[in-house]
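Chemist:
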DNA sequence: AGCTATACTTACCTATGAGTAAGTAAAAGA
DNA sequence: TCTTTTACTTACTCATAGGTAAGTATAGCT
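Residue numbers (this note's numbering), protein chains in the order written: chain A, 935 to 1130; chain B, 935 to 1130.
1) Exposed or buried, which one is residue 991 (chain B) when buried takes at least 16 other CB atoms within 10 Å?
2) What does residue 1084 (chain A) reach in chain B if we use C-beta pairs closer than 9 Å?
3) In its own chain, which residues sit with a C-beta less than 6 Å from the C-beta of residue 996 (chain B), not counting the 5 before and 5 after it?
4) Is any beta-carbon of chain B found at less than 9 Å from that of residue 1047 (chain A)?
5) According to DSSP, is residue 896 (chain A) helix, strand or coil?
6) Verify the contact flag: residue 1031 (chain A), CB atom, against every heavy atom of the ligand ADP, threshold strictly below 8 Å.
7) Can you name, in chain order, every residue of its own chain whose Cβ lies under 7 Å from the Cβ of residue 1093 (chain B), other than the five neighbours on each side?
8) Starting from the C-beta of residue 953 (chain A), find all residues in its chain whose C-beta is less than 8 Å away, skip the five residues before and the five after it, and write them out in chain order.
9) Check each candidate in A:946, A:955, A:956, A:1023 and name the one with the smallest Cα separation from residue 983 (chain A).
10) Going along the stretch 935-967 of chain A in order, which residues come within less than 8 Å of chain B, judged by CB to CB distance?
11) So, at 6 Å on beta carbons, what are the nonlocal neighbours of residue 1051 (chain A) in its own chain, with the 5 sequence-adjacent residues on each side left out?
12) Are the C-beta of residue 1129 (chain A) and some C-beta of chain B separated by less than 9 Å?
13) Could you pull the DSSP bridge partners for residue 1124 (chain B) from this structure?
14) Counting pairs of beta carbons, one from the stretch 1084-1102 of chain A and one from the stretch 1096-1111 of chain B, are three or more of them closer than 8 Å?
15) Hey, would you say residue 1014 (chain B) sits closer than 9 Å to residue 1070 (chain B), going by beta carbons?
16) Considering Cα atoms alone, identify which of A:1026, A:1007, A:1043, A:988 is closest to residue 1106 (chain B).
17) Taking Cβ-Cβ distances shorter than 7 Å, what residues in chain A pair up with residue 1000 (chain B)?
18) In its own chain, which residues sit with a C-beta less than 6 Å from the C-beta of residue 1001 (chain A), not counting the 5 before and 5 after it?
19) Would you tell me roughly how many angstroms separate the C-alpha atoms of residue 974 (chain A) and residue 1017 (chain B), rounded to the nearest one?
20) Measuring CB to CB, does residue 1006 (chain A) end up less than 9 Å from residue 956 (chain A)?
21) Looking at chain A, is there any beta carbon in it that lies within less than 9 Å of the beta carbon of residue 1087 (chain B)?
22) Under three-state DSSP, which class holds residue 1118 (chain A)?
23) Run through DSSP, which three-state label would residue 1022 (chain B) get?
24) Using a Cβ-Cβ distance cut-off of 9 Å, determine whether residue 993 (chain A) contacts chain B.
25) Can you find a CB in chain A that lies within less than 9 Å of the CB of residue 1044 (chain B)?
26) Closer than 8 Å, Cβ to Cβ, to anything on chain B: give me those residues from the stretch 1049-1060 of chain A, in chain order.
27) With DSSP as the reference, label residue 1135 (chain B) as helix, strand or coil.
28) Would you please verify whether the beta carbon of residue 970 (chain B) is less than 9 Å from any beta carbon of chain A?
29) Reducing DSSP to helix, strand and coil, say where residue 962 (chain A) ends up.
30) In the stretch 1028-1042 of chain B, which residues sit with their C-beta less than 7 Å from some C-beta in chain A, listed in chain order?
31) Starting from residue 998 (chain B) and walking both ways along the alpha helix (DSSP H), at which residues does that stretch end?
32) Locate the alpha helix (DSSP H) running through residue 949 (chain B), then write down its first and last residues.
33) May I have the straight-line CA-CA distance separating residue 1087 (chain A) from residue 985 (chain B), to the nearest angstrom?
34) What does residue 1111 (chain B) touch in chain A if you count any residue whose Cβ is under 8 Å from its own?
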């Protein structure tokens, strides 16, 4: 009706991201988006000419969301342990509520066939999250609220991959693997408060 | 040219499994298999009428391979730490050499659209591996060669998901995440030998 | 009022996917 | 030797996928 106010583009991104995190990039079509929104297939092509454009938009949308959150947490001077908790709870919420799998996991199988731009965006995002996690772990260990052995980079890799992996197999198990994994990571990382 | 000795079926499985672990189930077609083997498309359909039949065969092939290895290791009375090492090295070999991702990761995005038989096969395989890992960890801790806090089931979940996740993001990183993750897991788990 | 840009729709095209039916050559069995 | 079975091939069908071209209604600008 009034093209100017309808936020079709945002709705497309929202829907596409849900489809991506449930079925992977090869697992949904433009039709799955258009029928859901009650529009025509070509309308999706209007906003995102090729599927590669759409994929790139999804990754960039996701990346800016994550980067915004990281920046916000750091600017608020949130303690390392709390920052970790935000990460844990976001992961658990996405996974257990909606059964969404992690963006990296969703795109892993498609990776080698993605455009250069998209591959670069993924690499950049992953290294950014990894950087933040490693720094947070290191800060937490220095201030005595977190404990772990070895290199913060390596520990960050274990934590990130475990959560990602857990989000993927969650659907294949009767119990909530994501919750189990996060609880185990907490038990290993958190220094008990004085009396315990 | 003698149909009886040509092991086309096995070659199909081999090729399909490689494609599955590189591109996911939606990421390859019968054509990718047939052209690689120099046969016609319908020949693949002869052995595996539907893609679901093929997928099921791949999962079952993979499962019997794993189950055979587990049984062998246990019957040989291999110590827990050595059993773990076999698991680590197999994972690292697959991931770093051929850049194959884990079967669970490869099928995660397709999971909800898989046949019941295939879903059941995946659940069964996952719980089998998990059972073995948890038992091995527990035995290792009891005998003093492995150390970790918390429930063996939970620790098994962390280890399995971390390796799986690492195998998926390995292609998105310049360094060998699988190696980093496995080394970190070793450092956390292995009890140093007496003099150190 | 008239023009332009935006946000679509209708109506296509082409490639590719899974899948099938009918035919064929060779080996195995009776 | 004749028949059946195995392991294919040729030659298709049909659905869906991504993508495009041309048309249309509305909003905003001049």
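Using N, Cα and C, we set each Cβ at its ideal position, and we do this for glycine too.
Modeler: Straight from the coordinates:
1) Position 57 of the second chain holds residue 991 (chain B). Residue 991 (chain B) should be labelled buried.
2) Here the question's residue 1084 (chain A) lines up with position 150 in the first chain. What residue 1084 (chain A) touches in chain B: 1117, 1118, 1121, 1122.
3) Counted from its first residue, the second chain places residue 996 (chain B) at position 62. Excluding positions up to five away in sequence, the list reads 1037.
4) Within the first chain, numbered from 1, the residue matching residue 1047 (chain A) stands at position 113. Cβ-Cβ to chain B under 9 Å: yes for residue 1047 (chain A).
5) Residue coverage of chain A in this structure runs from 935 to 1130, which leaves residue 896 (chain A) outside it and unanswerable.
6) The model on display carries no ligand, and the ligand ADP is accordingly not part of it.
7) Your numbering for residue 1093 (chain B) matches position 159 in the second chain. Within the same chain, residue 1093 (chain B) has close Cβ partners 1067, 1119.
8) For the purposes of this step, residue 953 (chain A) is taken as the residue at position 19 of the first chain. Cβ neighbours of residue 953 (chain A) beyond the five flanking positions: 961, 962, 966, 967.
9) Reading the first chain from its first residue, position 49 is the one you call residue 983 (chain A). It is A:946 whose Cα lies nearest to the Cα of residue 983 (chain A).
10) 956, 957, 958, 960, 961
11) Working through the first chain from its first residue, we reach residue 1051 (chain A) at position 117. Counting only Cβ-Cβ distances below 6 Å, and skipping sequence neighbours, we find 990.
12) Taking the first residue of the first chain as position 1, residue 1129 (chain A) is located at position 195. The predicted position of residue 1129 (chain A) is uncertain, since its pLDDT is 49 and thus under 50; a value taken from the coordinates is nonetheless stated next. Not an interface residue.
13) Against the second chain, residue 1124 (chain B) aligns to sequence position 190. BP columns for residue 1124 (chain B) point to B:1080.
14) yes
15) One-based indexing of the second chain puts residue 1014 (chain B) at position 80. One-based indexing of the second chain puts residue 1070 (chain B) at position 136. A contact, by the Cβ cut-off of 9 Å.
16) Position 172 of the second chain, counting from 1, holds the residue named residue 1106 (chain B). Measuring from the Cα of residue 1106 (chain B), the nearest candidate turns out to be A:1043.
17) Looking up residue 1000 (chain B) in the second chain gives position 66. Correct list: empty, because the minimum Cβ distance to chain A is about 15 Å.
18) For this step, residue 1001 (chain A) is matched to residue 67 along the first chain. So the list is empty, once near-sequence residues are dropped.
19) On the first chain, residue 974 (chain A) is found 40 positions in, with the first residue counted as 1. On the second chain, residue 1017 (chain B) is found 83 positions in, with the first residue counted as 1. Distance between the alpha carbons of residue 974 (chain A) and residue 1017 (chain B) is about 56 Å.
20) Here residue 1006 (chain A) corresponds to residue number 72 of the first chain, with the count starting at 1. Here residue 956 (chain A) corresponds to residue number 22 of the first chain, with the count starting at 1. Cβ distance not < 9 Å, so residue 1006 (chain A) and residue 956 (chain A) don't count as in contact.
21) One-based indexing of the second chain puts residue 1087 (chain B) at position 153. True, the Cβ-Cβ gap to chain A drops below 9 Å.
22) By one-based count along the first chain, residue 1118 (chain A) stands at place 184. If DSSP states are grouped into helix, strand and coil, residue 1118 (chain A) belongs with the helices.
23) In the second chain, the residue the question calls residue 1022 (chain B) occupies position 88. Helix at residue 1022 (chain B).
24) Here the question's residue 993 (chain A) lines up with position 59 in the first chain. No, because no Cβ of chain B sits closer than 9 Å to the Cβ of residue 993 (chain A).
25) Position 110 of the second chain holds residue 1044 (chain B). Closer than 9 Å: yes.
26) 1053, 1056, 1057, 1060
27) As shown, chain B starts at 935 and ends at 1130. That puts residue 1135 (chain B) outside it, with no answer to give.
28) Position 36 of the second chain, counted from the first residue, corresponds to residue 970 (chain B). So, not an interface residue.
29) Translated into positions along the first chain, residue 962 (chain A) becomes position 28. Correct three-state label for residue 962 (chain A): coil.
30) 1035, 1038, 1039, 1040, 1042
31) What you label residue 998 (chain B) is simply residue 64 of the second chain in a count that begins at 1. It spans 985-1009 - the alpha helix (DSSP H) in which residue 998 (chain B) sits, taken as one unbroken run.
32) Numbered from 1 along the second chain, position 15 holds the residue referred to as residue 949 (chain B). Taken as a continuous stretch (DSSP letters only), the alpha helix (DSSP H) holding residue 949 (chain B) covers 942-957.
33) Residue numbering aside, residue 1087 (chain A) sits at position 153 when the first chain is read from its first letter. Residue numbering aside, residue 985 (chain B) sits at position 51 when the second chain is read from its first letter. When rounded, the distance between both Cα atoms is 41 Å.
34) Residue 1111 (chain B) sits at position 177 when you count from the first residue of the second chain. Within 8 Å Cβ-Cβ: 1091, 1095.
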